[in-house]
Amino acid sequence: MQPVSPTESAPLRASLALLLGAFLIVAGGVSAQSITTPPNFVNNNGGSPGGAVYFDVTVLSGGGLILESFDTNCSAVAGASVTIDVYTCPTTSIGNELILANWTLQGSGTGLSLGLGVGTPIDTTDFVMQAGSYGMAIVNFGGHSYTNGTGANQTVANGEMSLSLGTASNVAFVGGLFSPRVWNGTIHYAPNANILDITQDASLNLTATLSMLGANSHEGFTFLSGNTSLPVGQGPLLGLTPDALTWTTFTAPYAPSDPFHFLVTDPGWPTAPLVLPGAIFAGLTGQTMDILVLFMDNTFAYDSSSNIVRYTFQ
Numbered sequence: 046m047q048p049v050s051p052t053e054s055a056p057l058r059a060s061l062a063l064l065l066g067a068f069l070i071v072a073g074g075v076s077a078q079s080i081t082t083p084p085n086f087v088n089n090n091g092g093s094p095g096g097a098v099y100f101d102v103t104v105l106s107g108g109g110l111i112l113e114s115f116d117t118n119c120s121a122v123a124g125a126s127v128t129i130d131v132y133t134c135p136t137t138s139i140g141n142e143l144i145l146a147n148w149t150l151q152g153s154g155t156g157l158s159l160g161l162g163v164g165t166p167i168d169t170t171d172f173v174m175q176a177g178s179y180g181m182a183i184v185n186f187g188g189h190s191y192t193n194g195t196g197a198n199q200t201v202a203n204g205e206m207s208l209s210l211g212t213a214s215n216v217a218f219v220g221g222l223f224s225p226r227v228w229n230g231t232i233h234y235a236p237n238a239n240i241l242d243i244t245q246d247a248s249l250n251l252t253a254t255l256s257m258l259g260a261n262s263h264e265g266f267t268f269l270s271g272n273t274s275l276p277v278g279q280g281p282l283l284g285l286t287p288d289a290l291t292w293t294t295f296t297a298p299y300a301p302s303d304p305f306h307f308l309v310t311d312p313g314w315p316t317a318p319l320v321l322p323g324a325i326f327a328g329l330t331g332q333t334m335d336i337l338v339l340f341m342d343n344t345f346a347y348d349s350s351s352n353i354v355r356y357t358f359q
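To convert a position in the sequence shown, counted from 1, into the numbering used here, add 45.
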């Protein structure tokens with residue numbers, strides 16, 4: 046198949062529609078990968094609000110992973126607001142649990158508790174973990190519900206990540222440790238590539254950056270959705286839940302460095318940051334959207350996609 050010319054917009058949109066339809070209908074959707082601890086949210090113990098669980102994470106994927114969100118078993122009543130902080134330390138949590146100086150805050154997020162025995166989804170700040178071994182601490186200000194370790198329920202692994210669990214304390218990084226204790230939770234992650242980041246400054250000027258672009262990425266499209274009803278990365282379209290706004294990308298003709306339809310070889314976006322004036326976003330203040338960038342190779346076959354950024358405009 047010959048590469049698709051950027052000027053052939055009608056056939057291109059038809060091909061893209063068929064491709065994305067396949068993701069929706071045939072594949073049943075594509076979302077971020079995940080790993081769930083063995084108790085599968087069947088708790089028999091718990092800790093105080095502000096307490097922590099500690100465990101070890103080994104990232105097996107050579108390029109590293111982007112950690113995007115967490116589901117955690119909360120002792121807070123259903124409907125209560127719950128905030129978690131996620132910390133890491135080098136190599137292992139063992140022996141570091143009570144040494145705060147050894148830990149680095151990597152991500153935070155807030156969600157609404159679903160009550161005991163289920164995973165409360167909490168979208169945290171995305172962060173990258175390169176290949177290697179780390180300690181992880183999750184501080185839950187709504188209180189952890191966790192499980193006593195038996196040996197048989199303390200390890201889990203897949204092709205990208207392994208977990209070794211763990212200990213707990215009723216005050217994060219302080220006091221006596223309870224061991225073994227097994228965090229009840231799921232980590233949602235994506236391959237460490239096509240990393241999308243979006244920020245606004247005090248004047249509302251928006252800067253978007255894409256880093257670690259896939260080696261075979263040729264042509265790209267940016268999709269937005271105002272439907273944020275599902276946890277980040279759990280929607281049916283490459284992790285996105287599409288709405289009418291999403292499909293407007295199909296009408297975007299190619300233009301060099303255009304944020305909605307571009308070539309990776311363009312002189313600006315996506316290899317350089319996209320900077321847009323704040324006046325464009327004044328009417329969006331307080332609105333939340335999911336934003337995803339899709340990449341095709343030079344035969345117009347699916348190549349890769351970015352992480353999903355759930356962004357609330359200032």
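Even for Gly, the Cβ is constructed at its ideal location relative to N, Cα and C.
A quick note: this is a predicted structure, and the numbers were derived from the prediction, not measured.
{"Check": "Three-state secondary structure (DSSP) of A253", "Outcome": "strand"}
{"Check": "Close beta carbons around S262, own chain, < 8 Å, minus the five adjacent residues each side", "Outcome": "N239, V309, F340, M341, D342, D348, S349"}
{"Check": "Through-space distance from N203 to S130, alpha-carbon basis", "Outcome": "Before going further, note that residue 130 is Asp rather than Ser in the sequence given. Distance between the alpha carbons of D130 and N203 is about 24 Å."}
{"Check": "V122 classed as buried or exposed, judged by whether at least 16 other C-beta atoms fall within 10 angstroms", "Outcome": "exposed"}
{"Check": "Enclosing beta strand (DSSP E) for L157 [first to last residue]", "Outcome": "149 to 157"}
{"Check": "Sufficient close CB pairs (3 or more, under 8 Å) joining the region 313 to 326 to the region 250 to 270", "Outcome": "yes"}
{"Check": "Nearest residue (CA-CA) to T357, options F115, T273, N147", "Outcome": "T273"}
{"Check": "Helix, strand or coil at T212 according to DSSP, with G and I counted as helix", "Outcome": "strand"}
{"Check": "Three-state secondary structure (DSSP) of Y356", "Outcome": "strand"}
{"Check": "Per-residue burial, P135 [other beta carbons within 10 Å of its own, 16 or more giving buried]", "Outcome": "exposed"}
{"Check": "S138 versus A217 - alpha carbon distance", "Outcome": "13 Å"}
{"Check": "Residues bridged to Q199 [DSSP beta-bridge criterion]", "Outcome": "For Q199, which the question treats as bridged, DSSP gives no partner whatsoever."}
{"Check": "Contacting residues, own chain, Cβ-Cβ under 6 Å from T81 (five flanking each side not counted)", "Outcome": "T231"}
{"Check": "Exposure label - L159; buried when at least 16 CB within 10 Å", "Outcome": "buried"}
{"Check": "Beta-carbon separation (whole angstroms), S93 vs G188, contact threshold 8 Å", "Outcome": "6 Å"}
{"Check": "L290 in three-state terms, based on DSSP", "Outcome": "helix"}
{"Check": "L69 to W228 span [Cα, whole Å]", "Outcome": "Confidence is the limiting factor: at L69 the pLDDT is only 47, short of 50, which leaves the residue's position unreliable and the question unanswerable from this model."}
{"Check": "Inter-residue Cα distance where the pair is I353 and L241", "Outcome": "7 Å"}
{"Check": "Given 8 Å, three or more beta-carbon pairs between the region 110 to 121 and the region 168 to 186", "Outcome": "yes"}
{"Check": "Cα-Cα separation, G220 to G194", "Outcome": "20 Å"}
{"Check": "Per-residue DSSP class, three states only, for G108", "Outcome": "coil"}
{"Check": "T81 in three-state terms, based on DSSP", "Outcome": "strand"}
{"Check": "Proximity of F305 and T244 at Cβ, strictly below 7 Å", "Outcome": "no"}
{"Check": "Beta-bridge partners of H306, as assigned by DSSP", "Outcome": "F266"}
{"Check": "Contacts around S120, its chain only, beta-carbon distance under 6 Å, and the 5 residues preceding and following it disregarded", "Outcome": "G91, G188, S190"}
{"Check": "Extent of the continuous beta strand (DSSP E) to which Y191 belongs", "Outcome": "190 to 193"}
{"Check": "Secondary structure of F345, DSSP reduced to three states", "Outcome": "coil"}
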